[in-house]
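Below is one structure, written out as structure tokens, with a few remarks after it.
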Amino acid sequence: MAAPGWDRLWTGVQLATMTDRSLGVIRNGAIASAGGRIAWVGREVDLAAGQRREAAEVIPCGGAWMTPGLIDCHTHIVFGGDRSDDFRRRLHGESYSDIARGGGGIMSTVRATRLASMEELTRSAAARGRELGGWGVTTIEVKSGYGLDLETELRMLEVAAALPRHIPADISPTLLAAHAIPPEYAGRRSDYLKLILEAILPAALEQGHATAIDAFCEDIAFTPGEARAVLEAGIDAGLHGRLHADQLSDLGGGALAAETGALSADHLEYLSDAGVRAMASAGVCAVLLPGAAYTLGADRLPPVRALRRAGVTMAVATDANPGSSPITNVGMILNLACIRFGLTPEEALLGFTSAAARVLGLEDDRGTLEPGKRADLALWDVEDPAQLCYWMGASPLSSLVRDGVPLAVAPSSPG
Ligand code: DI6
Ligand code: FE
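Spelled out as structure tokens, the structure:
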């Protein structure tokens, strides 16, 4: 057999390939990389002796489990300040919406983010990205939305796009200028919408970092009509569409995502049956964010059974943000997805791999262990993949591979 020219070959590994909407388990497997891509995946016994010899480096894994590097497809990890004051107020009885209407909530983070330097924003976001990396995350979607003015929205996207210089992860930046109406536009919401459409979006396109556009469709944020205008403009300009939909009330967000051709509708606690049907027929992914439902003590849960029955692809993400999901612990999110939302462990893990890749429009590039995909690999010290969802303790990540290159130490190794 001709020299395969493999850079690395991992042997003695239990593979969860995440193909065909299943864990796609290959026991006693092997996986090879070449030029940062997966070159071969299969059972070790099917590996020809010549192929093994030609690999530049062979890494025996002693029976460890391997998944694709995890993909966190919905985060807000770039922000200034913190929101422990909101946290305290909520525990003294105020609601998330009341705090937001009173100028706290998202707006307090906007004030802190506007004041923060590029370096401060980078340092704190990189620390959060490293925490995610400690859970095997190699791709992170990062939203703007705490600037709400031209300069700070662009600065957030700039910080997000530059994070790979500081952490071993790929970043998909998303423009979320339609996150809240900034205080200086109080009573002039149409002027802020105009600013987004005529200044912030064009400038973000010119800057070239954002790959998606998002809007928060909610009565404390943007109406369905406003969210539609923002999504349509972004999608027309070539960005992927995302929508914070039906989180706190049913405003028809799921159907709006379907009508605009968005890739995903996220949150969905109040998604209606009609919304499920619309998402299913348009092929819109659901992004489930159990950290936010948990933190806010949501009184409704997303209609997981209906989504499953309708065949809607379900991703799961941390929603890591200072207000409604101050969580970078992926194990906790996986556990909540199972225990609170009723996902199976298989669904939860697909939600952080192949489904998440679809949400980011990256399904041809990553999210499964298949030849041609990026060799972003996570090795886990577990007996069964379900342990990633089941045991709430330290991260069982044992090593992380990016672009076919093993990292010396896991980004935030628990030791
Ligand atoms: N929904 C969320 O969960 C985050 N943004 C949004 O639109 C919360 C943002 C925050 O409270 O800071
Ligand atoms: Fe969010």
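In our numbering, the protein residues as written are 255 to 669. All residues carry an ideal CB built from backbone N, CA and C; glycine is no exception.
| task | Label P437 either buried or exposed according to how many other C-beta atoms from any shown protein chain fall within 10 Å of its C-beta, with 16 as the threshold for buried. | result | exposed
| query | Apart from the five residues just before and just after R229, which ones in its own chain have a Cβ nearer than 8 Å to its Cβ? | reply | The chain is shown only over 255 to 669; residue 229 falls outside these bounds and no answer can be derived.
| task | Locate the alpha helix (DSSP H) running through Q641, then write down its first and last residues. | result | Q641 to Y644
| message | Using C-beta distances below 7 Å, list every residue in its chain close to I292, excluding the 5 sequence neighbours before and after it, in chain order. | response | I285, L623, E624, P625, G626, K627 and A629
| message | I'd like to confirm something about F470: is its beta-carbon nearer than 7 Å to some heavy atom of the ligand DI6, or not? | response | yes
| Quick one: what does DSSP say P668 is sitting in, helix, strand or coil? | The predicted model places P668 with a pLDDT of 45, which falls under 50 and marks its position as unreliable, so this point remains unresolved.
| said: Measuring only the C-alpha atoms, how far is M272 from L631? | reply: 12 Å
| field | Residues sharing a beta bridge with S351, DSSP | value | In DSSP, S351 forms no bridge with anything.
| Going straight from the alpha carbon of A256 to that of E308, what length do you get? | Low local confidence applies: a pLDDT of 48 at A256 is under 50, so the model's placement there is unreliable, and no value is given.
| request: Using three-state DSSP, classify T376 as helix, strand or coil. | output: helix
| query | Sorted by chain position, which residues of the same chain lie with C-beta nearer than 8 Å to P599's C-beta, five sequence neighbours on each side aside? | reply | L588, C592, P639, A640, L642, C643 and Y644
| Quick one: what's got a C-beta closer than 8 Å to I313's C-beta in the same chain, skipping five residues either side? | R262, L263, W264, T265 and P660
| message | I'd like to know if the stretch 345-361 and the stretch 556-565 are in contact, where contact means that at least 3 CB-CB pairs between them fall below 8 Å. | response | no
| task | Check whether the Cβ of D340 sits closer than 7 Å to any heavy atom of the ligand FE, and report yes or no. | result | no
| query | Going by Cα to Cα distance, which pick from A415, R343 and L485 is closest to L447? | reply | L485
| said: For the ligand DI6, is there any heavy atom lying closer than 7 Å to the beta carbon of N583? | reply: no
| query | Quick one: is the Cβ of D657 within less than 7 Å of any heavy atom of the ligand FE? | reply | no
| Using a threshold of 7 Å, is the CB atom of I360 nearer than that to any non-hydrogen atom of the ligand DI6? | yes
| request: Report yes or no: do the stretch 543-563 and the stretch 511-519 share at least 3 C-beta pairs separated by less than 8 Å? | output: no
| request: State yes or no: is the C-beta of G529 within less than 8 Å of the C-beta of A509? | output: yes
| How about D500: is its Cβ closer than 7 Å to a heavy atom in the ligand FE? | no
| query | Regarding H330 and the ligand FE, is the C-beta to nearest heavy atom distance less than 7 Å? | reply | yes
| request: Can you grab the Cα-Cα spacing for the pair D340 / G537, in whole Å? | output: 37 Å
| said: Using a Cβ-Cβ cutoff of less than 7 Å, which residues in the same chain neighbour G621 once the five nearest sequence positions on both sides are dropped? | reply: M272, P322, I325, T607, S608, A610 and A611
| request: Could you tell me which residues DSSP pairs with G283 in its beta bridges? | output: V267 and R297
| request: For the alpha helix (DSSP H) holding A423, just list the boundary residues, first then last. | output: No alpha helix (DSSP H) holds A423; DSSP gives it neither H nor E.
| message | Is it buried or exposed, S578, if we count other Cβ atoms within 10 angstroms and call 16 or more buried? | response | buried
| Using the beta-carbon count (16 or more within 10 Å), is G317 buried or exposed? | exposed
| Mind checking whether the beta-carbon of D326 lies closer than 7 Å to any heavy atom of the ligand FE? | no
| task | Using 7 Å as the cut-off, classify the Cβ of S578 as near or not near the heavy atoms of the ligand DI6, replying yes or no. | result | yes
| task | Report yes if the C-beta distance between L522 and A540 is below 8 Å; otherwise report no. | result | yes
| Within 7 Å: the Cβ of D473 and any heavy atom of the ligand DI6? | no
| message | For P322, list the residues DSSP reports as bridge partners. | response | L631
| V279 versus L505: straight-line alpha-carbon distance, rounded | 40 Å
| task | Can you grab the Cα-Cα spacing for the pair L430 / A303, in whole Å? | result | 52 Å
| query | Under the rule that 16 or more other beta-carbon atoms within 10 Å means buried, what is L614, buried or exposed? | reply | buried
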